[in-house]
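First the structure, in the form of structure tokens, and then the observations on it.
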Amino acid sequence: MKLNPIVAHLRATCPTFATRVSGGIDWDAVVESAKLALPAAYVIASADAGGPNKSQNSVIQDITDQFAVVIVLDAGDERGQEANDQLHDLRAELWRSLVGWCPAPEYEPIEYGKGALLHTSRARVVYQFLFTAEFQLGRSRHDAPAETWHELELDGLPAFTGATFNMDCVDPADPNLQRPGPDGRIEAKF
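Counting from 1471, one number per residue, gives the positions in the sequence shown under my numbering.
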């Protein structure tokens, strides 16, 4: 899943963060490089998982992409009571922004997963909210580009130009040749 559209969407739809939204592939890399004013949000690619194949003669799988929105807040007080109340409001803001939104045409609407505390200190609270979105691996339209090896191989085959059928029916059968048919005589050709 591409992170840039999610970052842009959060910047446009989460007024608490304004432009204090950034992205990255791993929290460890982001925490060292991104020093945004607080409160800030960081979009992190966290996982993907494929479901079982849904087809017998091709590969069609549902893929679930997961990403995290990591919120960094000023702790406010040593116990984090103020930060907890602020997280409750920010979670609702994230839900309004992301849940039900499609990050790209191939994706189903985003769903909320769960939240978890990552780190707390006297100065900061770091909390993570997980979101998922599904898409299908394996094309659903014949004119779409190949997405799997099987589709790529099928695209390389010559176009079907036709077939000739010689039909030997079971009935009527020639009793002098074989009973019951087919008797080896072609009754229809198309």
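Every residue, glycine too, gets a C-beta built ideally from N, C-alpha and C. Computed from a predicted structure; not experimentally measured.
{"Query": "Neighbour-count burial assignment, Asp1518, 16 or more Cβ in a 10 Å radius", "Result": "exposed"}
{"Query": "Own chain residues within Cβ distance below 8 Å of Gln1556, not counting five before or after", "Result": "Pro1509, Leu1543, Gly1546"}
{"Query": "Own chain partners of Asn1523 with C-beta closer than 8 Å, once the 5 adjacent residues on each side are dropped", "Result": "Val1529, Ile1530, Gln1531"}
{"Query": "heavy atom of the ligand ADP below 8 Å from Ala1616 C-beta", "Result": "Annotation note on the ligand ADP: not contained in the displayed structure, which lists no ligands."}
{"Query": "Straight-line Cα distance separating Ala1511 from Phe1487", "Result": "7 Å"}
{"Query": "Burial state of Pro1485, where buried means 16 or more other Cβ atoms lie within 10 Å", "Result": "exposed"}
{"Query": "Pairwise C-alpha distance: Lys1505 and Arg1561", "Result": "22 Å"}
{"Query": "Rounded C-alpha distance that separates Trp1571 from Lys1584", "Result": "17 Å"}
{"Query": "Start and end residues, beta strand (DSSP E) containing Asp1544", "Result": "1531-1544"}
{"Query": "Same chain, Cβ closer than 6 Å to Gly1520, neighbours up to 5 away in sequence not counted", "Result": "Gln1531, Ile1533"}
{"Query": "Per-residue burial, Val1539 [other beta carbons within 10 Å of its own, 16 or more giving buried]", "Result": "buried"}
{"Query": "Limits of the alpha helix (DSSP H) - the one that Val1477 falls within", "Result": "1474-1483"}
{"Query": "Pairwise C-alpha distance: Pro1575 and Ala1629", "Result": "30 Å"}
{"Query": "Straight-line gap, Ala1478 to Ser1591 (C-alpha atoms, nearest Å)", "Result": "29 Å"}
{"Query": "Helix, strand or coil at Ala1488 according to DSSP, with G and I counted as helix", "Result": "coil"}
{"Query": "From Glu1623, Asp1625, Leu1622, Gly1654, residue whose alpha carbon lies closest to that of Val1636", "Result": "At residue 1636 the sequence reads Asn, which differs from the Val that was named. Nearest option by C-alpha distance: Gly1654."}
{"Query": "Per DSSP, cross-strand counterpart(s) of Gly1494", "Result": "Ile1514"}
{"Query": "Rounded C-alpha distance that separates Asp1613 from His1620", "Result": "15 Å"}
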